[in-house]
Amino acid sequence: MNIKILNFSWLSSLLQRFALGLSCYVLTTIVVQAQRALPFLEEGPQLKTKILEKADAHWAFQPLANPTLPEVKQKSWVKNPIDLFILRKLEKAGRAPAEPADSHSLLRRAHFDLLGLPPDPESIEKFVQNPDWPNLIKELLASPHYGERYGRHWLDVARYADSSGYGRDYFFPHAAHYRDYVIRSMNEDKPFTSFVREQVAGDILYPEDKATDRRRYATGFYTIGAVYPVSANGIKRPKRFEYDRLTDAADVTGEAFLGLSFACARCHDHKYDPITQRDYFAFQSLFASSTFKEMPIEKGKEKLQIKDYLLEHTAAAEHATFFERGELNLPVGRMRPGLPVYFSTGKTPAEKPGDHKKRRLQVANWIASGENPLTARVIANRVWQWHFGEALVTTPNDFGLEGEPPSHPELLDYLATYLIENDWSLKTLHLHVMSSSTYHMSSAHAEPATTGVIDRFPTTRMQAETIWDNMLAVSGKLNGKMYGRSVFPPVSDDLVQSKRNASWETEKKERDWMRRGIYVAIKRSMHFPFFDAFNGTNSTSSVGQRESTVVSPQALAMMNGEIPRKLSNAFHQRLVRECGDDKEKIIVRAWLLAYGRPVTEKEKQVTLEFLSEVDMKTWCHALFNSNEFVYLR
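Mind the numbering: the sequence shown is residues 1 to 633 in the working numbering, read in order.
Right, here's the structure in full:
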């Protein structure tokens with residue numbers, strides 16, 4: 001097909017010379033109308049045969065079916081079907097599962113897993129006296145802190161941040177509404193398909209009650225990326241902004257919900273997965289008729305910023321433009337909206353007049369469809385990873401042909417079908433996973449670890465926010481307030497000054513910043529240093545799994561950081577307040593608070609000797625710096 005390539009360099013030059021008096025709205029209109037003059041691209045070449053053959057045989061693209069439960073020899077170890085899949089592979093490898101973890105380790109594991117907070121001494125005593133595991137898990141799942149813990153997991157996937165990044169790093173004052181929507185959705189145990197549909201098309205699904213319906217905040221999923229209309233690029237280069245916006249929308253949708261990397265198809269047909277470049281821009285077109293909307297604001301300075309820029313313009317492009325090699329200066333034609341042909345069997349519904357504003361609903365329904373083999377597998381894999389620290393598919397954002405295969409494919413399909421059969425309830429899946437013998441295994445094992453089998457519970461370091469929450473909770477300083485604006489703990493002035501155009505407005509009241517890590521502001525130009533030290537999330541793009549490194553800045557942050565020192569001093573004050581001057585009582589209480597277990601007699605004697613030479617504040621600080629304080633076993 002011979003299509004003339006239209007280059008807009010002449011238009012850009014003309015606007016730069018003569019458009020000084022035009023508003024951004026008018027400039028945007030001119031560019032969009034020029035794009036509308038491009039021809040539509042019709043159907044292009046078919047996918048390469050080799051890619052199709054590999055895709056047809058690829059495990060992740062197969063229809064989802066409940067696998068046959070395997071036979072095992074050690075039936076007494078099995079508590080539920082999850083254990084059958086784990087044990088069968090262990091028996092084939094000639095290995096045995098680890099012994100069950102002790103009750104204190106299990107309690108601490110469950111608390112940090114589901115709540116991201118330590119058990120208090122009273123909870124420990126209650127569980128040890130009556131170790132009712134199913135009831136414990138149900139109580140933890142009913143806690144509002146569950147939503148904060150698992151909401152933080154999802155915010156990684158959603159590439160959540162409170163600012164735009166790049167040049168001036170504009171602050172998003174309303175991004176917290178999306179964060180709070182996620183927390184509430186987790187606590188409500190919203191079916192995952194509803195969670196998906198609301199994030200992709202909540203404003204279309206619930207258009208009426210704009211003032212009070214929190215479900216409309218869900219589409220903040222598409223406005224919290226590192227793309228912002230009221231920026232130098234957004235105002236001066238609206239065409240660039242629109243392209244970046246659609247790219248961000250397509251990429252995050254593919255990675256978060258489907259475990260597919262669409263980005264590789266922006267410049268050329270995907271080299272490995274069955275996604276053509278035409279698929280990519282047709283998928284972008286499904287988001288093209290959706291725009292950011294200017295909302296009423298009160299502050300004069302912010303008002304001036306967007307006075308001249310109304311992105312909800314009537315001239316908004318209804319179709320994405322196909323760019324040769326993905327280059328903005330090489331537009332080829334407009335793309336009709338469509339779902340990726342291979343994954344939707346080409347069944348994009350015909351669009352009726354006036355339906356262009358509802359295109360995202362097509363995307364939402366396609367992702368949430370029971371016929372889509374990816375959605376349930378991807379979220380089931382994420383849930384497993386959030387429990388164990390290691391996913392069955394170690395590339396959780398890439399289920400394509402270049403991604404890693406699952407270590408236990410039948411188990412993954414079992415978890416996915418179990419989720420669907422239980423109305424897509426994540427809490428039901430949590431309970432099922434945590435009721436297995438697999439989850440109850442100790443992290444200690446006589447044999448060295450090996451890849452491909454699960455014979456012990458992995459020893460994992462807590463995430464940055466969990467270490468933060470742990471220090472606040474143990475010190476007695478945790479401000480349990482939920483929801484609301486993001487907060488700014490103190491950082492050094494030197495750090496702020498070293499960042500171009502950075503700002504960090506530290507809270508005036510100490511109690512205001514002593515909130516859970518999920519409420520600490522995430523600025524793309526300047527991350528909170530403590531979180532950075534412990535591999536805090538990268539908010540530029542969707543994060544399937546955080547890195548977990550062991551490096552010297554982590555020890556320095558805990559030993560020399562102003563905040564850990566302040567909180568360890570508060571821990572000391574709490575111990576004295578609760579135990580008086582009795583050192584033995586203080587040691588017993590400290591072990592329960594910091595480690596979730598009783599102190600051994602040997603540990604008590606060593607500590608008493610230590611306290612004869614070192615003051616108690618230093619000892620409390622040392623407890624914060626121990627491995628046991630920040631690791632889960």
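Think of the CB as a built atom: it goes at the ideal place given N, C-alpha and C, for glycine as much as any other residue. Computed from a predicted structure; not experimentally measured.
Alpha-carbon to alpha-carbon, residue j and residue i
i      : j      : result
Asp423 : Pro405 : 26 Å
Arg666 : Arg359 : Only positions 1 to 633 of the chain appear in the structure, and residue 666 is not among them; the question remains open.
Asn560 : Met514 : 19 Å
Phe281 : Pro564 : 49 Å
Lys239 : Leu246 : 11 Å
Trp59  : Tyr342 : 15 Å
Arg214 : Leu426 : 20 Å
Lys92  : Leu115 : 36 Å
Pro70  : Glu410 : 9 Å
Asp156 : Lys50  : 34 Å
Asn66  : Asp413 : 6 Å
Ile86  : Leu392 : 11 Å
Ala37  : Tyr243 : With a pLDDT of only 49 at Ala37, under 50, the local geometry of the prediction cannot be trusted, and the value read off the model is given with reservation. Going from the Cα of Ala37 to the Cα of Tyr243 covers about 17 Å.
Asp251 : Ala57  : 24 Å
Pro529 : Val182 : 25 Å
Thr276 : Ala256 : 20 Å
Pro553 : Ala464 : 13 Å
Asp455 : Tyr206 : 47 Å
His635 : Thr68  : The structure shown has nothing for residue 635, since the chain only spans 1 to 633.
Gly544 : Trp468 : 21 Å
Ala161 : Trp504 : 14 Å
Lys299 : Glu628 : For Lys299, the predicted structure reports a pLDDT of 49, less than 50, and the residue's modelled location is therefore unreliable. A value from the coordinates is still provided. Whole-angstrom Cα-Cα distance: 47 Å.
Thr193 : Ile367 : 8 Å
Residue i, buried or exposed, once every other Cβ within 10 Å from all chains shown has been counted against 16
i      : result
Ser261 : buried
Arg197 : buried
Pro63  : exposed
Lys509 : exposed
Lys303 : A caution first: Lys303 carries a pLDDT of 43, below 50, which makes its placement in the model too unreliable to give a value.
His268 : exposed
Glu371 : exposed
Gly452 : exposed
Gly254 : buried
Ser437 : buried
Leu632 : buried
Lys301 : The predicted model places Lys301 with a pLDDT of 45, which falls under 50 and marks its position as unreliable; any figure quoted below should be read in that light. Label assigned to Lys301: exposed.
Glu148 : buried
Thr600 : exposed
Pro448 : exposed
Val550 : exposed
Val606 : exposed
Leu52  : exposed
Asp169 : buried
Close Cβ partners of residue i (< 7 Å) along its chain, the five nearest in sequence each way excluded
i      : result
Pro296 : Only weak support exists for where Pro296 lies, its pLDDT of 46 falling under 50; the value from the coordinates is given anyway. Excluding positions up to five away in sequence, the list is empty.
Phe624 : Met471, Met558, Pro564 and Ser568
Pro131 : Ser103
Arg597 : His104 and Trp591
Asn535 : Ala464, Arg546, Glu547, Ser548 and Thr549
Whole-angstrom C-beta distance between residue j and residue i, which should lie under 8 Å
i      : j      : result
Tyr418 : Leu429 : 7 Å
Thr395 : Gly389 : The pair is not a contact, with the Cβ atoms about 15 Å apart (cut-off 8 Å).
Leu608 : Lys585 : Not quite, the Cβ-Cβ distance comes to about 12 Å (not below 8 Å), so this is no contact.
Ser163 : Ser542 : That belief does not hold up - the Cβ atoms of Ser163 and Ser542 are roughly 17 Å apart, past 8 Å.
Val378 : Val200 : In fact, because the Cβ distance is near 14 Å, the residues do not count as touching under 8 Å.
His361 : Phe399 : Residue 361 is actually Leu in this sequence, not His. The pair is not a contact, with the Cβ atoms about 24 Å apart (cut-off 8 Å).
Chain-order list of residues whose beta-carbon lies under 6 Å from that of residue i (same chain, five-residue window excluded)
i      : result
Ala176 : Arg485 and Ser486
Asp248 : Gly225 and Val227
His621 : Ser568
Leu415 : Ala380
Lys357 : Ser289
Pro490 : Thr506
Met1   : Residue confidence is low: Met1 scores 33 on pLDDT, short of 50, so the model does not pin down where it sits. Its coordinate-derived value is still stated next. Here the set comprises nothing.
Leu556 : none
Tyr595 : Glu628
Heavy atom of the ligand SAM within 6 Å of residue i beta-carbon
i      : result
Arg149 : With respect to the ligand SAM, the structure shown offers nothing to examine, as it has no ligands at all.
Neighbourhood of residue i by C-beta, 8 Å cutoff - its chain only, sequence neighbours within 5 removed
i      : result
Leu136 : Leu107, Ala110 and Phe127
Ile420 : Leu64, Gly370 and Ala376
Ala570 : Ser475, Gly476 and Lys477
Tyr217 : His177, Tyr178, Asp180, Tyr181 and Gly202
Ala101 : Arg109, His440, Met441, Ser442, Ser443, Phe457 and Arg633
Pro191 : Asp423, Trp424 and Ser425
Chain D within 7 Å of residue i, Cβ atoms only
i      : result
Lys190 : Among the chains of the structure shown, chain D does not appear; only one protein chain is present.
Whole alpha helix (DSSP H) elements within the region 75 to 112, 4-residue minimum: Listed in chain order, they are 81 to 92.
Unbroken stretches of the alpha helix (DSSP H), 4 residues or longer, contained in the region 241 to 285: List check, alpha helix (DSSP H) in window: nothing returned.
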